[in-house]
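K.L.:
In our numbering, each residue carries its 1-based index in the sequence shown increased by 44. Note that beta-carbon positions come from the ideal geometry of N, C-alpha and C, so glycine has one too. Take this structure, written in structure tokens, and hold onto it; I'll ask about it next.
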Amino acid sequence: MKIRTLFGIDSDVEISSLTMDSRSAGPGAAFFCVTGATSDGHDYAPDALRNGAACIVHSRPLPQMPTDAVLVRVPDVQTALNQAAHTFYGKPSEHMTVFGVTGTNGKTTVATLLSELRSHWHPTGYIGTIANQYNHALSNQPHTTPDAIRLHRMLRKMRDDNLTGVAMEVSSHGLAQNRVDSVVFDVAIMTNLTHEHLAYHHTMEAYLEAKGLLFRLLKPDGVAILNRDDPSCDPLAARTRARVVTYGIDSDADYRARDLDLAGDGTRFWLDHAGQSFEVRTNLVAAFNISNLLSVIAALHETGIPLSSLLPRVQSLGQVDGRIERVERGQPFRVIVDYAHTPDGFEKIMAYAQVIRGTGRVIAVFGAAGRRDTTKRPLLGRIADRFCDRILLTEEDNRDEDPAAIADQIRSGIRNASTQFVPDRATAIRQALAEATPGDVVLILAKGSETFLDREGRSDPYEGDVAVAKTALSSMGFHVLGDMEPG
Numbered sequence: 045m046k047i048r049t050l051f052g053i054d055s056d057v058e059i060s061s062l063t064m065d066s067r068s069a070g071p072g073a074a075f076f077c078v079t080g081a082t083s084d085g086h087d088y089a090p091d092a093l094r095n096g097a098a099c100i101v102h103s104r105p106l107p108q109m110p111t112d113a114v115l116v117r118v119p120d121v122q123t124a125l126n127q128a129a130h131t132f133y134g135k136p137s138e139h140m141t142v143f144g145v146t147g148t149n150g151k152t153t154v155a156t157l158l159s160e161l162r163s164h165w166h167p168t169g170y171i172g173t174i175a176n177q178y179n180h181a182l183s184n185q186p187h188t189t190p191d192a193i194r195l196h197r198m199l200r201k202m203r204d205d206n207l208t209g210v211a212m213e214v215s216s217h218g219l220a221q222n223r224v225d226s227v228v229f230d231v232a233i234m235t236n237l238t239h240e241h242l243a244y245h246h247t248m249e250a251y252l253e254a255k256g257l258l259f260r261l262l263k264p265d266g267v268a269i270l271n272r273d274d275p276s277c278d279p280l281a282a283r284t285r286a287r288v289v290t291y292g293i294d295s296d297a298d299y300r301a302r303d304l305d306l307a308g309d310g311t312r313f314w315l316d317h318a319g320q321s322f323e324v325r326t327n328l329v330a331a332f333n334i335s336n337l338l339s340v341i342a343a344l345h346e347t348g349i350p351l352s353s354l355l356p357r358v359q360s361l362g363q364v365d366g367r368i369e370r371v372e373r374g375q376p377f378r379v380i381v382d383y384a385h386t387p388d389g390f391e392k393i394m395a396y397a398q399v400i401r402g403t404g405r406v407i408a409v410f411g412a413a414g415r416r417d418t419t420k421r422p423l424l425g426r427i428a429d430r431f432c433d434r435i436l437l438t439e440e441d442n443r444d445e446d447p448a449a450i451a452d453q454i455r456s457g458i459r460n461a462s463t464q465f466v467p468d469r470a471t472a473i474r475q476a477l478a479e480a481t482p483g484d485v486v487l488i489l490a491k492g493s494e495t496f497l498d499r500e501g502r503s504d505p506y507e508g509d510v511a512v513a514k515t516a517l518s519s520m521g522f523h524v525l526g527d528m529e530p531g
């Protein structure tokens with residue numbers, strides 16, 4: 045692609061790739077001097093040229109550049125990168141139905157279920173925390189919301205493979221860092237806004253403002269799907285020019301679930317919409333998951349799929365990996381692995397455990413991430429103390445913090461529950477399962493489907509909570525021919 049197509053300058057220089065990494069800035073590359081949290085791309089412009097970069101995109105003076113260097117000065121490098129990636133990869137989001145999903149909790153569940161359901165009618169991809177996925181293939185990625193180059197490259201690949209849509213998790217970090225500014229969104233979904241990421245955003249107001257950016261990016265004829273049960277609903281409705289559609293359980297909404305029956309291994313409820321009521325059965329469990337499901341139903345119905353076709357498909361949906369995932373080996377107690385790591389997430393999963401435990405105990409295994417919001421640590425302890433009988437505190441991506449010190453901060457919120465610190469996560473899981481008795485519910489929280497542990501500046505391989513639990517249960521003498529479907 046000619047450089048004039050990307051930047052409107054009078055030059056015939058050919059651009060064959062885009063990069064923010066000077067090490068990959070080979071011949072034909074446009075190198076973007078993006079300023080990050082710990083480094084400034086302007087400092088690496090000479091390296092990019094030495095490696096053969098065709099041009100340098102910058103926003104401040106670059107001294108001592110070769111006279112024949114092709115320099116493109118712009119007001120903001122990130123904005124230029126967004127637009128260049130959109131154009132370079134053929135503006136793929138303009139030719140697909142793009143669903144953006146944001147919120148503190150539930151993004152992965154909503155985006156995954158949306159992709160799975162919509163694919164019954166239209167091939168649909170997924171981009172998010174778990175990976176990017178389509179046509180039954182998975183590809184891991186380092187961030188919930190990829191950088192602009194990776195994102196538009198993924199979208200182009202999906203479009204080339206005849207996908208007509210994509211469900212994409214959009215994090216507050218990705219929004220605040222303008223990674224998705226050039227994506228054309230048809231639908232934006234908000235799950236909820238609760239205490240999280242304050243180490244980055246500092247205030248809930250700034251956190252809300254970051255989330256609101258997604259709704260400003262919606263097409264004028266797009267749809268904003270908002271949670272009427274969440275305080276973010278009205279502020280976000282005021283931030284968009286798109287049509288607003290609401291969903292909820294506790295509040296009147298365009299799509300409302302009522303009379304939830306949550307006691308079994310699935311859920312039955314009534315869906316009220318446009319003056320009609322529909323009975324819905326699903327393998328999904330817990331009230332917060334029904335809220336997630338409502339947003340998916342609303343998004344798909346509002347983009348053309350009839351409820352008469354959609355609702356029967358809902359019944360066969362399974363749980364998302366690492367999200368209320370049951371581990372079943374024939375043991376006489378329940379074991380649930382969940383990604384919950386926020387105060388709101390804890391409250392919801394632990395309240396669900398209270399519903400299903402009967403006369404048994406609730407035993408929880410969890411920690412808190414290092415170098416993240418420290419104010420939530422005692423809150424996690426306080427919530428666990430309300431719902432749990434036994435708490436095993438352990439590591440959870442402590443990074444360069446002492447996991448014992450993190451556990452002490454969590455413990456400051458615990459007053460009544462029996463509590464113990466077990467440094468190694470796998471050991472803590474095995475101990476919790478060994479302590480469980482018939483009727484108990486064991487919650488293994490915060491890592492979900494992740495198979496790594498961040499320790500002291502490195503990412504160590506980790507079997508994963510589900511694998512550890514399965515192995516432990518088998519060693520305890522519990523065996524089945526195959527795992528039960530989650531839910």
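I'd like the list of long-range same chain contacts for residue 472, defined as Cβ closer than 6 Å, with 5 residues on each side in sequence excluded.
P.N.:
Taken in chain order, the residues that qualify are 409, 436, 438, 466.
K.L.:
Suppose you measure from the CA of residue 161 to the CA of residue 349; what does that come to, to the nearest Å?
P.N.:
Rounded to whole angstroms, residue 161 to residue 349 spans 10 Å at the Cα level.
K.L.:
What does the Cβ neighbour count give for residue 56, buried or exposed, with the cut at 16 atoms within 10 Å?
P.N.:
Residue 56 is exposed by the Cβ-count criterion.
K.L.:
Let's test the definition: count the other Cβ atoms within 10 Å of the Cβ of residue 319 and tell me whether it reaches 16, buried, or not, exposed.
P.N.:
Exposed.
K.L.:
Are there 16 or more other CB atoms within 10 angstroms of the CB of residue 151, so buried, or fewer, so exposed?
P.N.:
Buried, since its Cβ has 16 or more Cβ neighbours within 10 Å.
K.L.:
In whole angstroms, what is the alpha-carbon distance linking residue 228 and residue 278?
P.N.:
Whole-angstrom Cα-Cα distance: 23 Å.
K.L.:
Between residue 269 and residue 147, what straight-line distance do the alpha-carbon atoms span, to the nearest angstrom?
P.N.:
Those two C-alpha atoms are separated by around 12 Å.
K.L.:
Should residue 59 go down as buried or exposed, given a rule of 16 or more other Cβ atoms within 10 Å for buried?
P.N.:
Answer is buried; the Cβ neighbour count reaches 16.
K.L.:
Residue 250: which of 216, 96, 518 sits nearest, CA to CA?
P.N.:
Comparing Cα positions, the closest option is 216.
K.L.:
Excluding the five sequence neighbours on either side, which residues of its own chain have a C-beta within less than 7 Å of the C-beta of residue 345, listed in chain order?
P.N.:
Correct list, in chain order: 351, 354.
K.L.:
DSSP has residue 61 in a bridge; who is on the other side?
P.N.:
DSSP output for residue 61 lists 73 as bridge partner(s).
K.L.:
What's the gap between the Cα of residue 399 and the Cα of residue 310?
P.N.:
C-alpha separation (whole angstroms): 13 Å.
K.L.:
Any idea what DSSP makes of residue 315, helix, strand or coil?
P.N.:
Residue 315 falls in the strand class under three-state DSSP.
K.L.:
Taking Cβ to Cβ, would you say residue 78 is nearer than 8 Å to residue 125?
P.N.:
Yes, Cβ-Cβ distance for residue 78 and residue 125 is below 8 Å.
K.L.:
So, at 6 Å on beta carbons, what are the nonlocal neighbours of residue 451 in its own chain, with the 5 sequence-adjacent residues on each side left out?
P.N.:
Within the same chain, residue 451 has close Cβ partners 437, 465.
K.L.:
Return the residue from the list 312, 331, 332, 333 that minimises the CA-CA distance to residue 323.
P.N.:
That would be 312, whose Cα lies nearest to the Cα of residue 323.
K.L.:
From residue 497 to residue 505, what distance separates their C-alpha atoms?
P.N.:
One C-alpha to the other measures close to 7 Å.
K.L.:
Could you round the C-beta distance between residue 142 and residue 212 to whole angstroms and report it? I think they count as a contact, below 8 Å.
P.N.:
Sure, about 7 Å apart at Cβ, within 8 Å.
K.L.:
Ends of the beta strand (DSSP E) at residue 499?
P.N.:
Where residue 499 is concerned, the enclosing beta strand (DSSP E) stretches over 496-499.
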